[in-house]
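J.:
Residue numbers (this note's numbering), protein chains in the order written: chain A, 6 to 561; chain B, 6 to 561.
1. With 16 as the cutoff for other CB atoms within 10 Å, does residue 336 (chain B) come out buried or exposed?
2. Where does residue 127 (chain A) land, buried or exposed, given buried means 16+ other C-beta within 10 angstroms?
3. Please compile the residues from chain A whose C-beta is within a distance smaller than 7 Å of the C-beta of residue 281 (chain B).
4. If contact is defined by three or more beta carbon pairs under 8 Å, each pair taking one atom from either stretch, is the stretch 410 to 426 of chain B in contact with the stretch 292 to 308 of chain B?
5. With 9 Å as the limit, tell me which residues of the stretch 370 to 393 of chain A have their beta carbon closer than that to any beta carbon of chain B; keep them in chain order.
6. What in chain E is Cβ-close to residue 439 (chain B), meaning under 7 Å?
7. Using a beta-carbon distance below 8 Å, is residue 273 (chain B) in contact with chain A?
8. What are the uninterrupted segments assigned as beta strand (DSSP E) that are 3 or more residues long and contained completely in the stretch 55 to 111 of chain A, given in chain order?
9. If you scan the stretch 399 to 468 of chain A from start to end, which runs of the alpha helix (DSSP H) of 4 or more residues do you find wholly inside it?
10. By how many angstroms is the C-alpha of residue 341 (chain B) removed from the C-alpha of residue 513 (chain B)?
11. Near residue 93 (chain B), what residues of its chain come up, given a Cβ to Cβ distance below 8 Å and the 5 sequence neighbours on each side ignored?
12. Along chain A, in chain order, which residues have C-beta atoms closer than 9 Å to that of residue 447 (chain B)?
13. Is residue 27 (chain B) near residue 157 (chain B), with beta carbons less than 8 Å apart?
14. Could you give the uninterrupted runs of the alpha helix (DSSP H) lying entirely in the stretch 249 to 327 of chain B, keeping only those of 4 residues or more?
15. With a threshold of 16 other CB atoms inside 10 Å of the CB of residue 46 (chain B), please say whether the residue is buried or exposed.
16. Tell me, please, whether the stretch 267 to 285 of chain B touches the stretch 462 to 481 of chain B by the rule of three or more beta-carbon pairs shorter than 8 Å.
17. Where residue 316 (chain B) and residue 142 (chain A) are concerned, what is the direct C-alpha to C-alpha distance, given to the nearest angstrom?
18. Please go through the same chain and pick out, in chain order, the residues whose beta-carbon is closer than 8 Å to the beta-carbon of residue 557 (chain B), but skip the five residues on each side of it.
19. Using a 10 Å radius around the Cβ and a threshold of 16 neighbouring Cβ atoms, would you call residue 295 (chain A) buried or exposed?
20. Identify every residue that forms a DSSP beta bridge with residue 562 (chain A).
21. Nearest CA to the CA of residue 457 (chain B): which residue from B:244, B:331, B:175, B:69?
22. Decide yes or no for the touch test of the stretch 210 to 220 of chain B against the stretch 160 to 167 of chain B: beta carbon pairs closer than 8 Å, at least 3 of them.
23. Just tell me which of B:432, B:347, B:349, B:406 has its CA closest to the CA of residue 386 (chain B).
24. Nearest-angstrom Cα distance between residue 430 (chain B) and residue 267 (chain B)?
25. Going by C-alpha distance, which of A:39, A:463, A:543 is nearest residue 1 (chain B)?
26. Under a CB-based cut-off of 8 Å, is residue 425 (chain B) close to chain A?
27. Using a cut-off of 7 Å between C-beta atoms, extract the partners of residue 263 (chain B) located in chain A.
28. Is the Cβ-Cβ distance between residue 234 (chain A) and residue 549 (chain A) less than 8 Å?
29. Using a Cβ-Cβ cut-off of 8 Å, state whether residue 436 (chain A) counts as contacting chain B.
30. Return the CA-CA distance between residue 9 (chain A) and residue 227 (chain A), expressed in angstroms with no decimal places.
31. Where residue 271 (chain B) and residue 285 (chain B) are concerned, what is the direct C-alpha to C-alpha distance, given to the nearest angstrom?
32. For residue 265 (chain B), count neighbouring C-beta atoms within 10 Å of its own C-beta (all shown protein chains included) and say buried if the count is 16 or more, exposed if not.
33. Listing by chain order, which chain A residues have their CB less than 8 Å from the CB of residue 422 (chain B)?
34. Using C-beta distances below 7 Å, list every residue in its chain close to residue 178 (chain A), excluding the 5 sequence neighbours before and after it, in chain order.
35. Suppose the cutoff is 6 Å on Cβ atoms and the five residues either side in sequence are ignored; what does the same chain contact list for residue 198 (chain A) look like?
36. Below 8 Å on the Cβ atoms is my contact criterion, and I expect residue 298 (chain A) with residue 71 (chain A) to pass it. Report the Cβ-Cβ distance as a whole number of Å.
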């Protein structure tokens, strides 16, 4: 009998996996029995992972980003101690949950030491994010660190190309900004191959599961971020979102997230799937264990005036005055987008939000915008316009296989791209649809009772909680904000409770997809999974939406 | 012998021309001998056209927009009287110079009457542009008025389509904004077929020549605007600019113009050539007989918050504080873009600006950005990406011929569009080039001596003054601002003086195009033509650039 020779990409992936693990200091390598124990449990967040840490490490890693910065600046903790605690917890998270692509703890510890020295020598902090450990989705380039974006084919290359002199040598503009603000970067988190998936699966690390309920996916595409935040290995992370990619994993993992409008933060020198497709843009997004962290983070980044360096960033400074809200707000609610009915826990989550708003004296009206189905169709056409040309170009480098979840979109190799006149027509369709949506939003001033149009729309993030692997059928709830280039904030609301969240006896499916999604619900499997909702705002509405979300958190 | 039967498009064009002339009140129809006299002269602006008007009509039509509004609001003039004066002068301008596509004087006079009644009844003005007559390039839709954009094929249609219910029934967002501000709309001005020409020629009206020197073109594509402003038939007009289309005619006709960044003003529901091409965007631009008019106009339009209605407009209100300039400025100068050498009058014009700046104590440094040739190549590829699909679709409606000036770009019918992956790659090329340009701009802080990067770049608008018909070879000087999406202001500097502006004996051409352009110079023909320069600013730099331009006007 002959042994099957592994493919080259399998060798490369295996070597890369081992190299990443080897970057974890030996004293942080977990014993086999702990890893086995973790694998046998449904939930490994909270007390499970914290049992592996000292009380002080727990204390440091269980506070929010703004408090962390405050304590470093008040010299209660050193940046080095904080960095070590986060690196350690992230190292454990990765061993238990497989959520990291890149580990650069030693660079982080060195940077933290420099920050400590700076504070000691000058009595001043190095910026508004002084000492804050920040995790990054593996699309961001950090000097001296690799970026694979979930492609084995990208190992040892710069975005698939060799010998450009750019390998390990490029830094995303946002990364430069974060460093200039005093942030400490220490790891890059996992994402799915192609980035166009609400789960996190690639040929490099396999899958990242949901640490709150390991039967479920952590979501995607900024999935590793969601998992790491849920495990306490980070308080704030940077992801991207073209179809829900920060809101989905945040919601699935029970943390907060904002998808700003594209054009507010810099995407410059960030690796991406099909980066030249600029009709529907992927936006930089932020995920965190708290809303104040998102607020501080965005304000800090904009203080660097990214629009002076990135042609796509618009000159809108952070506007704190937009965080002042009138006493009475008017929310709209969209319980069903007319394409896919949310599972019982999601319907209940939306209901909780609506009731909370009403109890506080806010108005809640129905949301009946131009059909989301139209918007979602335009979104899909734009993202598929290149016929998979970019994806297959990357896969071809090492002949690595497409992940099964992307078969429907890209299976069978590249197809003929859309003709340019048709593609250009989609740019117009997107514009017209968005204008109609804005007109509808403006028109709500007639019935809100506040003298203003609707303040925000309450809606599901997905038709389900953290998805059962291979059961993500409908992205419409998140895609719409990307198509419109609106701001959206995802907040956790509750968790699935199998004793409450039972399916009703009767269900009238809207279509085949709706039926598939409905059948995929399983109260036993979903039990305990986080349930989030999103708050949809208008374009460049980040300040306003953060404060609206904060209002909700107060109400809940 | 048989008579040649005219083509259908010729009939349609003839009928349309006559219908337009028929909209001029009979008492404003000029006698044949005046038209003949005009045709025999080089210059018909100033005293020539003014001889046809009363002193009071001259007084009303020779002041600037802000003064005009002030006088109406102070009841020195009624809006009706003002409107009548501008309609009359525009009617004369059209008969002498062929600069209008659409005449809707009666609507204007009705609107003016309503404004007068409003002021009389309420004691208040209806907005910051109360009573200001505003002319529009024939890309803007005005309810009840046709839009042909220079296509005979569009007569009786909505952008080439019949039976949509949209014919004569759509209003551009900007038009709605202008009306809401109290502006009075009265005519739409001529533009070339395809809009991609620095002259104004189409099958509907033939050519619009330069009223300052009728041997030359008025420029394009907002050519009718330039001519009408030079003839005093308007104080402010709205055009568009994707390759220089407001700056070129302004400069050729001796008036002021600003090309704001795309995204500052609304292009929504404005007809356009190949409107789905969104890599290099056509921007709304303004042209006027004065700079303060442009300032007031832009501030007024932004007070309507166009970003609430147009998905492409960015939420940046007018920022008057950016008009405060430090005492010492640093200008850069680009005398030659390395592709095409400016004719002697233009070189002299740039020199006058540089000397004026130096005399006032400002710094002037050399401008050595990433080669403009690279940017211009990207610009051309994007504008040509659809293979002429859109242009030929319109021409095919009535089988009207392509104008000869566009033969090089579109001749021979539509060609294969660029493949989508290549087109998407150009989106990235544009971004990277722009980022490099911004980096260069930022880097100038090192040598300006002001502690700031360069404030603005002094450069030619074109390598020649108002062009001799069929001799426009190089658009690089204007295209670069569109590619970069930067702000640029064109200001008049001097006029061609054949006794001074002689070609030197020796000329080393940079390339064939350069040689062709150089050979096209003829001091006798160009004598008396306006010479303008442009001031290039950064993105969304409108407030700053207006004040920089005002500083120049003071110096000159």
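Backbone N, C-alpha and C define an ideal beta-carbon position, used for all residues, glycine too.
In this text the structure is predicted, and so the values were computed from the model without any measurement.
T.: Straight from the coordinates:
1. Taking the second chain and counting its residues from 1, the one referred to as residue 336 (chain B) is at position 331. By the Cβ-count criterion, residue 336 (chain B) is buried, with 16 or more other Cβ atoms from all chains shown falling within 10 Å of its own Cβ.
2. Start at 1 with the first residue of the first chain, and residue 127 (chain A) comes out as number 122. Residue 127 (chain A) comes out exposed.
3. As a first step, residue 281 (chain B) must be located in the second chain, where it is residue number 276. Result: 429, 430, 432, 433.
4. When C-beta atoms of the stretch 292 to 308 of chain B are compared with those of the stretch 410 to 426 of chain B, fewer than three pairs fall below 8 Å, so the two segments do not count as touching.
5. So the list reads 390, 391, 392, given in the order they occur along the chain.
6. The chain inventory of the structure shown lacks chain E, comprising the protein chains A and B.
7. Numbered from its first residue, the second chain carries residue 273 (chain B) at position 268. Taking Cβ atoms only, chain A reaches closer than 8 Å to residue 273 (chain B), which makes this a yes.
8. 105 to 108
9. 412 to 415, 425 to 448
10. Working through the second chain from its first residue, we reach residue 513 (chain B) at position 508. Working through the second chain from its first residue, we reach residue 341 (chain B) at position 336. Cα-Cα distance, rounded: 13 Å.
11. Counting from one through the second chain, the residue named residue 93 (chain B) turns up at place 88. 33, 58, 62, listed in sequence order.
12. Start at 1 with the first residue of the second chain, and residue 447 (chain B) comes out as number 442. Under the 9 Å cutoff, chain A gives 313, 314.
13. By one-based count along the second chain, residue 27 (chain B) stands at place 22. By one-based count along the second chain, residue 157 (chain B) stands at place 152. No, these two residues do not count as a Cβ contact at 8 Å.
14. 252 to 258, 296 to 307
15. Reading the second chain from its first residue, position 41 is the one you call residue 46 (chain B). Label assigned to residue 46 (chain B): exposed.
16. no
17. Here residue 316 (chain B) corresponds to residue number 311 of the second chain, with the count starting at 1. Here residue 142 (chain A) corresponds to residue number 137 of the first chain, with the count starting at 1. The alpha-carbon atoms of residue 316 (chain B) and residue 142 (chain A) are separated by roughly 29 Å.
18. Working through the second chain from its first residue, we reach residue 557 (chain B) at position 552. Around residue 557 (chain B): 358, 361, 362, 496, 540.
19. By 1-based counting over the first chain, the position of residue 295 (chain A) is 290. Looking at its Cβ environment, which holds 16 or more other Cβ atoms inside 10 Å, residue 295 (chain A) is buried.
20. Limits of chain A in this structure are 6 at one end and 561 at the other, which puts residue 562 (chain A) out of reach.
21. As a working note, residue 457 (chain B) is residue 452 in the second chain. Checking every option, the nearest Cα to that of residue 457 (chain B) belongs to B:331.
22. no
23. Start at 1 with the first residue of the second chain, and residue 386 (chain B) comes out as number 381. Among B:432, B:347, B:349, B:406, the Cα nearest to that of residue 386 (chain B) is on B:432.
24. The sequence position of residue 430 (chain B) within the second chain is 425, counting from 1. The sequence position of residue 267 (chain B) within the second chain is 262, counting from 1. Their Cα atoms are separated by approximately 21 Å.
25. Chain B is shown from 6 up to 561; residue 1 (chain B) falls before or after that span and cannot be answered.
26. On the second chain, position 420 is the one that residue 425 (chain B) refers to. Chain A, which has a Cβ nearer than 8 Å to the Cβ of residue 425 (chain B), makes this yes.
27. Taking the second chain and counting its residues from 1, one reaches residue 263 (chain B) at position 258. The contact set of residue 263 (chain B) on chain A, defined by CB atoms closer than 7 Å, is empty, because the minimum CB distance reaches about 17 Å.
28. As a working mapping, residue 234 (chain A) is identified with position 229 in the first chain. As a working mapping, residue 549 (chain A) is identified with position 544 in the first chain. Their beta carbons are not under 8 Å apart, which means residue 234 (chain A) does not touch residue 549 (chain A) by this criterion.
29. Residue numbering aside, residue 436 (chain A) sits at position 431 when the first chain is read from its first letter. Chain B contact via Cβ: present.
30. In the first chain, the residue the question calls residue 9 (chain A) occupies position 4. In the first chain, the residue the question calls residue 227 (chain A) occupies position 222. C-alpha separation (whole angstroms): 34 Å.
31. Along the second chain, read from residue 1 onward, the residue named residue 271 (chain B) stands at position 266. Along the second chain, read from residue 1 onward, the residue named residue 285 (chain B) stands at position 280. Taking the straight line from one Cα to the other gives about 16 Å.
32. Along the second chain, one-based indexing puts residue 265 (chain B) at 260. With 16 or more Cβ atoms within 10 Å of its Cβ, residue 265 (chain B) is classed as buried.
33. In the second chain, residue 422 (chain B) corresponds to position 417, counting from 1. Result: 424, 425, 426.
34. Along the first chain, one-based indexing puts residue 178 (chain A) at 173. Hits under 7 Å: 271, 273, 274, 311, 314, 315.
35. By 1-based counting over the first chain, the position of residue 198 (chain A) is 193. Taken in chain order, the residues that qualify are 155, 207, 408.
36. What you label residue 298 (chain A) is simply residue 293 of the first chain in a count that begins at 1. What you label residue 71 (chain A) is simply residue 66 of the first chain in a count that begins at 1. Between residue 298 (chain A) and residue 71 (chain A) a beta carbon distance of about 6 Å is seen, short of the 8 Å cut, so the two are scored as contacting.
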